[in-house]
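Enquirer:
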Amino acid sequence: MNVGERHFRTIWLAGDGRSVEIIDQRWLPHEFRVVTLKTVDEIATAIRDMWVRGAPLIGVTAAYGVAMHMLDDASDAALDNVWSHLHETRPTAINLRWALDEMARTLKPLPIEERAAAAYARAAEIADEDVELNRAIGRHGLTLIRQIAASKKPNEPVNILTHCNAGWLATVDYGTATAPIYLAAEEGIPVHVYVDETRPRNQGAQLTAWEMAGHGVPHTLVVDNAGGHLMQHGMVDMVIVGTDRTTAQGDVCNKIGTYLKALAARDNAIPFYVALPSPTIDWTVGDGVKEIPIEERSGDEVSLVWGKTAAGDVVQVRISPDATPAANPAFDVTPARLVTGLITERGVAEASAEGLKALFPERA
Ligand code: MRU
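According to this note's numbering, the stretch in the sequence shown is residues 1 to 364, in order.
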């Protein structure tokens, strides 16, 4: 995505050839800060504390973390250790495990002296592949938006609701849920996006709204609880969200609150689509509600909110009594029966074991 005159990805190799530069997303939309991560411990902190976030970007960042570690120690034991160290940073997004497995699979057969260079090469490939997957998702999702646009009066916008940030910032570029929206806007299809604020971390208010503004896509920020009301009043034509892990039977784990949007969409006969690259599919899991580990984050994220004062200072304020405990499950699972379709790089699959197997027969 362009920021000012410059095109940015969300992660890239630094000039020293061993560190990576990332956009520290905790400060957006107030400040655009690029920071350098030099060690695997810094990579782990950046993932755990959400300097980078979003399932595909977490995976790519971890892949570079493995590469950094290989420069210091490329033994089998070091590879196993860095796998475990990075894997425990965030438990829900399967792209993290996928990327770590991909690195181990690539590196283990190689002689130790070749591993560091091969690790950097594979991490860069995973980043490039993510961009290509998202472009393909965009093309398939665009077909769905075109169909809805065709049923509208000229210049009447297609209203799309999205939750959290499954955009450029959650991936390496383009995003998953946002890729079809950006392509539709580029094609001149009038689109308008309802952006859920996405409490408690406000990825919608802080990140998706910033992305939409940057792309010039008309959008409106709404509180998380507004979706059902908007749908009842014919103000939403389709929902597109991303996912942190989709199971082999099509259950979709995504940011907390996604399930409620899917229920409201079903009650109002509004199509509910999930955009995902295939590394987000966990082929080892069937029932998402029972089997996917849900990350439980600090209650402070619920009790304390970040914002910018009129004087321009970015500050944190408490919104609940000091002694009130807060629970913070970060994700929920939307059962496949509530999902209209899964927009993948190979096309739109029915959210079912059969639908996924038809698109990915090699996994059958
Ligand atoms: O906690 P986050 O910000 O990492 O959660 C991100 C999401 O839930 C996204 O929707 C998901 O990772 C898909 S990103 C393409």
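For glycine and all other residues, C-beta sits at the position ideal for the given N, C-alpha and C.
Helix, strand or coil, according to DSSP, for D332 in the structure here?
Expert: strand
Enquirer: For G214, which residues from the same chain have a beta carbon less than 8 Å from its beta carbon, with the 5 sequence-adjacent residues on both sides left out?
Expert: M1, N2, V3
Enquirer: By alpha-carbon positions, which one of D101, L304, A177 ends up nearest to N328?
Expert: L304
Enquirer: Can you tell me which residues form a DSSP beta bridge with N254?
Expert: D332
Enquirer: Does the region 187 to 196 come close enough to the region 153 to 173 that 3 or more CB-CB pairs lie under 8 Å?
Expert: yes
Enquirer: Does the beta-carbon distance from L342 to T246 come in below 9 Å?
Expert: yes
Enquirer: Rounded to whole angstroms, how far is the Cβ of E175 from the Cβ of A166, which I believe are closer than 8 Å?
Expert: The sequence given here places Gly at residue 175; Glu does not occur at that position. Yes, they are in contact, since the Cβ atoms of G175 and A166 sit about 6 Å apart, within 8 Å.
Enquirer: What residue from K153, A310, V60 has the CA that sits closest to L13's CA?
Expert: With distances taken between Cα atoms, L13 lies closest to V60.
Enquirer: Say whether the region 130 to 146 touches the region 271 to 280, bearing in mind that this needs 3 or more beta-carbon pairs closer than 8 Å, one atom from each stretch.
Expert: yes
Enquirer: Could you tell me how far apart the beta carbons of K108 and D130 are, in whole angstroms, since I believe they sit closer than 8 Å?
Expert: About 23 Å separates the CB atoms of K108 and D130; that is not less than 8 Å, and the two are not in contact.
Enquirer: Where do the N-terminal and C-terminal ends of the beta strand (DSSP E) with L221 fall, by residue?
Expert: 219 to 222
Enquirer: Is W27 helix, strand or coil by DSSP?
Expert: helix
Enquirer: Determine the DSSP secondary structure at R122, reduced to helix, strand or coil.
Expert: helix
Enquirer: Would the beta-carbon of R9 fall within 9 Å of that of A127?
Expert: yes
Enquirer: Using the beta-carbon count (16 or more within 10 Å), is P200 buried or exposed?
Expert: buried
Enquirer: Is Q249 helix, strand or coil when you go by DSSP?
Expert: coil
Enquirer: Suppose the cutoff is 8 Å on Cβ atoms and the five residues either side in sequence are ignored; what does the same chain contact list for V315 look like?
Expert: W306, G307, K308, T309
Enquirer: Is V35 near W51, with beta carbons less than 9 Å apart?
Expert: yes
Enquirer: Just the C-alpha distance for L133 and A275, rounded to the nearest angstrom, thanks.
Expert: 11 Å
Enquirer: With a CB to CB cut of under 8 Å and the five nearest residues on each side skipped, what residues in its chain are close to A248?
Expert: The residues are I281, D282, W283, T284, V285, G286, A353, L356, R363.
Enquirer: Could you tell me whether the Cβ atoms of A323 and E301 are closer together than 9 Å?
Expert: At the C-beta level, A323 and E301 stay beyond 9 Å of one another.
Enquirer: Quick check on the DSSP output: the beta strand (DSSP E) that includes I292 runs from which residue to which?
Expert: Run containing I292: none; DSSP gives neither H nor E here.
Enquirer: Tell me, please, which residues DSSP counts as bridged to H192.
Expert: N159
Enquirer: Where do the N-terminal and C-terminal ends of the beta strand (DSSP E) with Y273 fall, by residue?
Expert: 272 to 275
Enquirer: Could you give the first and the last residue of the continuous beta strand (DSSP E) run that contains Q316?
Expert: Segment 314 to 318, the beta strand (DSSP E) holding Q316.
Enquirer: Check whether the region 250 to 259 and the region 108 to 121 are in contact - that is, three or more C-beta pairs closer than 8 Å.
Expert: no
Enquirer: Is any beta-carbon of chain E found at less than 9 Å from that of I23?
Expert: Among the chains in the structure shown there is no chain E, since it carries only a single protein chain.
Enquirer: Would K153 be called buried (16 or more neighbouring beta carbons within 10 Å of its own) or exposed?
Expert: exposed
Enquirer: Ligand 1 and I319: does any heavy atom of the ligand fall closer than 8 Å to the residue's C-beta?
Expert: Not so, every heavy atom of ligand 1 lies at least 8 Å from the Cβ.
Enquirer: Exposed or buried, what is Q25 when buried is set at 16 or more other beta-carbons lying within 10 Å of its beta-carbon?
Expert: Burial call: buried.
Enquirer: Could you give the distance in angstroms between the alpha-carbon of N202 and the alpha-carbon of R297?
Expert: Computed Cα separation, rounded: 14 Å.
Enquirer: Taking the alpha-carbon positions, what's the A262 to P293 distance?
Expert: Going from the Cα of A262 to the Cα of P293 covers about 20 Å.
Enquirer: Helix or strand or just coil, what does DSSP make of M50?
Expert: coil
Enquirer: Where does the unbroken beta strand (DSSP E) through L367 begin, and where does it stop?
Expert: Residue 367 cannot be examined here, being either before or after the span of the chain that is shown, 1 to 364.
Enquirer: Spatial neighbours of I137 within its chain, please: CB distance less than 6 Å, with the 5 preceding and 5 following residues excluded, ordered by chain position.
Expert: T176, A179, A275, I343, E345
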